[in-house]
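Numbering (full-length UniProt numbering), first residue to last: 1 to 189.
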């Protein structure tokens, strides 16, 4: 997976062009990421951090490491947008660890239930509104890694962030969807 933002956006955007499906994703993707981080935070710390790098509610467990991996990838891919979302990702990991330390396994039941419902809603968005299979069926890792950044950029684009990138992105997506329609007999809406 190359660190080319426009190429990554094109991959994801070709599967998320319907406004209702995009709205479902804007709602569900952050929930999915947070609930995944919460569930992954059940792992014990994978290594001990030096005291100078230790922060309360940020042990080096799978949840915290996941948040740092996403934050790092997003900063490398798009420094400004990545830099804006990175603190939210780290805060999400800290909050997930806090919830687990405060409420124990009850958090897991809620996180798992909400996680499943969010996935189901996204599949409804693809099946009913987008009219095509989700991106994860073509490239699972790329789809799961890009989804939160895609949603974040959709929000930032709405707020006026990088209008020239948004215009190029939207034009590329239109062309990609047209090409998919031609090669798959109109399968993409």
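Even glycine gets a Cβ: it sits at the ideal position worked out from N, Cα and C.
Query: Span of the alpha helix (DSSP H), counted from its first residue to its last, around residue 97; Result: 79-103
Query: Secondary structure of residue 161, DSSP reduced to three states; Result: coil
Query: Residue 73 - DSSP class collapsed to helix/strand/coil; Result: helix
Query: Environment of residue 104 [buried if 16+ CB atoms lie within 10 Å]; Result: exposed
Query: Closest by C-alpha distance to residue 160, when choosing among 56, 111, 81 and 127; Result: 81
Query: DSSP three-state assignment for residue 169, whether helix, strand or coil; Result: helix
Query: Beta-carbon gap between residue 108 and residue 58 smaller than 8 Å; Result: no
Query: Terminal residues of the alpha helix (DSSP H) in which residue 128 lies; Result: Unbroken run through residue 128: none, as it is neither H nor E.
Query: Residue 126 and residue 35 closer than 8 Å at C-beta; Result: no
Query: Residue 110 classed as buried or exposed, judged by whether at least 16 other C-beta atoms fall within 10 angstroms; Result: exposed
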